[in-house]
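Trainee:
Following this line, the structure appears as structure tokens:
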């Protein structure tokens, strides 16, 4: 596709359930970012990949959060044993170069009940 | 520490009014980048502008203009003759050199009424 594609767009999970959020970056983009955006807040950095290498995971809030990009293309953000505070929009972005040329997807809206 | 402050939570204007969205940042680095993004209801962040810390020249793009002042650590965004389609949440963001992460403000929700 032309843009960054994320799925599912909406996910309702019961507390304690595991979830997986997928990001399809723009074809050929080397950089991939995950951000978490709570309601009424700005996005907060979670992690960054360059190809398949996870270069920065300093923003992952706990060891329940795990991200991978095994072939340097599609990425999955996994949240284990979801909690209510995990409710947020998870935004994926990809870029061909540095941060100034990144493009965001529409996000995956996660609600934990 | 890096920080971006957008003190205006919500602004409402009537179409054709001019509106300025404020952004104040904090950083210890001398090399950094400032951004503005627009987030419509669909959720994706739309890139509007990027400025580096060495270029204080103001920029104009159509109805949009940006005022970067290092002396006050501000990077304000003005929309001239606002339109209903400008209604969205606008985020200011900071990125320091040699990092690849953006630090966002909390956003300003702009509502333009016809």
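Chains as they are written, first to last, in my numbering: chain A, 131 to 243; chain B, 116 to 229. For every residue, glycine included, the Cβ atom is placed at its ideal position computed from N, Cα and C.
#1: Should residue 169/B be labelled buried (16 or more other beta-carbon atoms within 10 Å of its own) or exposed?
#2: Report yes if the C-beta distance between residue 183/B and residue 165/B is below 7 angstroms; otherwise report no.
#3: Need the endpoints of the beta strand (DSSP E) that residue 219/A sits in, please.
#4: Using a C-beta cutoff of 7 angstroms, does residue 144/B count as contacting chain A?
#5: What is the DSSP secondary structure of residue 184/A, reduced to helix, strand or coil?
#6: How long is the line joining the alpha carbons of residue 142/B and residue 121/B, rounded to whole angstroms?
#7: Would you check if the stretch 198-218 of chain B and the stretch 136-150 of chain B touch, i.e. whether three or more CB-CB distances between them fall below 8 angstroms?
#8: Name, in chain order, the residues that DSSP records as bridge partners for residue 218/B.
#9: For a cutoff of 7 angstroms on Cβ pairs, would you count residue 216/B as touching chain A?
#10: Along the stretch 213-225 of chain A, where does the CB come closer than 9 angstroms to a CB of chain B? Name the residues.
#11: Buried or exposed: where does residue 195/A fall if 16 or more other Cβ atoms within 10 Å of its Cβ makes it buried?
#12: Could you please give the first and the last residue of the uninterrupted beta strand (DSSP E) stretch that includes residue 141/A?
#13: So for residue 141/B, helix, strand or coil by DSSP?
#14: Within the stretch 117-205 of chain B, note down every full alpha helix (DSSP H) run reaching 4 residues or more, in order along the chain.
#15: Chain B partners of residue 171/A, CB-CB under 8 angstroms?
#16: Whose Cβ in chain A lies nearer than 8 angstroms to the Cβ of residue 157/B?
#17: Within 10 angstroms of its Cβ, does residue 223/B collect 16 or more other Cβ (buried), or is it exposed?
#18: Is the stretch 138-147 of chain A touching the stretch 197-206 of chain A, taking contact as three or more C-beta pairs under 8 angstroms?
#19: Looking at the secondary structure, which residues open and close the beta strand (DSSP E) in which residue 167/A lies?
Mentor: Reading from the atomic positions:
#1: Counted from its first residue, the second chain places residue 169/B at position 54. With fewer than 16 Cβ atoms within 10 Å of its Cβ, residue 169/B is classed as exposed.
#2: As a working mapping, residue 183/B is identified with position 68 in the second chain. As a working mapping, residue 165/B is identified with position 50 in the second chain. Contact flag unset, no.
#3: Working through the first chain from its first residue, we reach residue 219/A at position 89. 218-225 is the span of the beta strand (DSSP E), which, as asked, contains residue 219/A.
#4: Walking along the second chain from the start, residue 144/B turns up at place 29. It does not; no Cβ of chain A falls within 7 angstroms.
#5: Translated into positions along the first chain, residue 184/A becomes position 54. Of the three classes helix, strand and coil, the one that applies to residue 184/A here is strand, per DSSP.
#6: By 1-based counting over the second chain, the position of residue 142/B is 27. By 1-based counting over the second chain, the position of residue 121/B is 6. Those two C-alpha atoms are separated by around 15 angstroms.
#7: Pairwise C-beta distances place the stretch 136-150 of chain B in contact with the stretch 198-218 of chain B, as three or more of them are shorter than 8 angstroms.
#8: Here residue 218/B refers to the residue found at position 103 of the second chain. Paired residues: 209/B.
#9: Sequence index remark: in the second chain, residue 216/B carries index 101 (1-based). At least one chain A Cβ lies under 7 angstroms of residue 216/B.
#10: 219, 221, 223, 225
#11: Here residue 195/A is taken as the residue at index 65 of the first chain, counted from 1. Buried, by the Cβ-count rule.
#12: Taking the first residue of the first chain as position 1, residue 141/A is located at position 11. Segment 140-143, the beta strand (DSSP E) holding residue 141/A.
#13: Reading the second chain from its first residue, position 26 is the one you call residue 141/B. It is a strand residue.
#14: none
#15: The sequence position of residue 171/A within the first chain is 41, counting from 1. Within chain B, the residues near residue 171/A are 221, 222.
#16: Within the second chain, residue 157/B is the residue found at index 42, counting from 1. Chain-order list of chain A residues neighbouring residue 157/B: 236, by C-beta distance under 8 angstroms.
#17: For this step, residue 223/B is matched to residue 108 along the second chain. That one is buried.
#18: no
#19: Indexing the first chain from 1 puts residue 167/A at position 37. Here the beta strand (DSSP E) through residue 167/A covers 161-167.
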